[in-house]
Amino acid sequence: MAEHEPRRVLLVTHTGREQAVEAARAAHRLLTDAGMQVRLLGGEAEELKLDPAEIVDDPEKAANDVELIMVLGGDGSILRGAELARPHGTPVLGVNLGHVGFLAEAEVDDLERIVQVVVDRTYTVEERMTLAVDVRLDDDLIFETWALNEASVEKAAREKMLEVLVEVDDRPLSRYGCDGVVVATPTGSTAYSFSAGGPIVWPEVEAILMVPLSAHALFSRPIVVAPTSRLSIELVPSWHGRGVLWCDGRRMVEVPPGAEIQVRRGTTPVRLARAHEAPFTDRLVAKFDLPVLGWRGAAERKRNGNGH
1494 MAEHEPRRVL LVTHTGREQA VEAARAAHRL LTDAGMQVRL LGGEAEELKL
1544 DPAEIVDDPE KAANDVELIM VLGGDGSILR GAELARPHGT PVLGVNLGHV
1594 GFLAEAEVDD LERIVQVVVD RTYTVEERMT LAVDVRLDDD LIFETWALNE
1644 ASVEKAAREK MLEVLVEVDD RPLSRYGCDG VVVATPTGST AYSFSAGGPI
1694 VWPEVEAILM VPLSAHALFS RPIVVAPTSR LSIELVPSWH GRGVLWCDGR
1744 RMVEVPPGAE IQVRRGTTPV RLARAHEAPF TDRLVAKFDL PVLGWRGAAE
1794 RKRNGNGH
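Below is the structure:
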């Protein structure tokens, strides 16, 4: 970015929440006072009523020439910000107004400090792996998309189970009736995958997770495979019904019997801005309020100068 060009931040806001709207107005004031230009999505500008602001109506161009995307909302809003950011390689910084909010980097109470980190450019950027997702029917590609958290294929009707054949690296692994199958990244391991009984995977680990949902089979445990592996979930042709593929809870397509969902590592990561140096373990403890009060482990004793 040339020196004479203004420094731009795209604000993405969950305008359905008053707290998010108030936070957006505060962030706008802090950023503009620091000499930065704020860009807004056309669909949000009317409700936010922020001035001065640059308004962009085309979502595909919203992150063009933007230094950072600041998202004010929960993980759903951050996933929306990731959609805008990914084609341009723009970092996304989430300010949490949701509940657990693992994708968020900060809480809304910390907004003033976070804006200062943005202004000072003292944040770091992590690249998070994504998933490339194809749906094929009779060898024809009928749908393709991507996911940061997870791709999940689920039954379309409550009364019918899915009948699936699961493959890893073109080799059959198992066949079972189930409510669905979740394929997740380490980033998504704390989201849908975790709720379905999958393991939590540290974000520095590169791997792909597969978690069956309520599978009727002797072998239906979650598995973790190499990031170079290719996973396949085929809806058995003799099964009478339709499935639904969701990616990050945002992109959806119906999947007919006989279709194959292929999942592999994506070629384009999502870049998440980090304003804290706290290790993932500490974030996990904080988000789930894990019982570590009074802990006297070896690391704690060393910090206190007592090795015994």
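For the sequence shown, the working numbering begins at 1494 and goes up steadily by one. Cβ coordinates follow ideal geometry from the N, Cα and C atoms, glycine included.
Going along the chain, which residues of its own chain have a beta-carbon closer than 6 Å to the beta-carbon of Q1755, five neighbours each way excluded? In its chain, beyond the 5 residues on either side, D1627, S1725 have a beta carbon closer than 6 Å to the beta carbon of Q1755.
Quick check: the Cα distance between G1509 and A1710, rounded to an integer number of angstroms? Between the alpha carbons of G1509 and A1710 lies a distance of about 42 Å.
State whether the region 1657-1670 contacts the region 1602-1613, with contact taken as three or more CB pairs (one from each stretch) at a distance under 8 Å. A contact is defined here as three or more CB-CB pairs under 8 Å, and the region 1657-1670 fails this definition with respect to the region 1602-1613.
Among F1636, D1633, F1595, M1703, nearest to A1684 - alpha-carbon criterion: Across the set F1636, D1633, F1595, M1703, the C-alpha of F1595 shows the shortest separation from the C-alpha of A1684.
Would you kindly report the start and end of the unbroken beta strand (DSSP E) that includes T1638? Residues 1633-1640.
Can you grab the Cα-Cα spacing for the pair Q1512 / L1590, in whole Å? Our two residues, Q1512 and L1590, have alpha carbons roughly 8 Å apart in a direct line.
Pull up the CB-CB distance for V1514 and L1524, whole angstroms please, since I reckon it's below 8 Å. So it is not a contact: roughly 16 Å between Cβ atoms.
Straight-line CA distance for E1656 to E1540? Taken atom to atom, the span from the alpha-carbon of E1656 to that of E1540 is near 46 Å.
From which residue to which residue does the alpha helix (DSSP H) around A1752 run? Looking at the DSSP string, A1752 is not in any alpha helix (DSSP H), and its letter there is neither H nor E.
Beta strand (DSSP E) containing T1506: first to last residue? Judged by DSSP secondary structure, T1506 falls within the beta strand (DSSP E) whose first and last residues are 1501-1506.
Assuming E1576 contacts R1743 (C-beta within less than 8 Å), just tell me the rounded distance between them. In this structure E1576 touches R1743 by the C-beta definition: roughly 7 Å separates them, less than 8 Å.
Helix, strand or coil for L1711 per DSSP? Three-state result, L1711: coil.
At the level of alpha carbons, what is the spacing between V1718 and H1521? Straight through space, the alpha carbons of H1521 and V1718 are spaced by roughly 43 Å.
Quick check on D1568: does DSSP put it in helix, strand or coil? Note: D1568 maps to helix in three-state DSSP.
Range covered by the beta strand (DSSP E) that runs through E1488: Residue numbering for the chain in the displayed model covers 1494 to 1801; residue 1488 lies beyond these limits and cannot be assessed.
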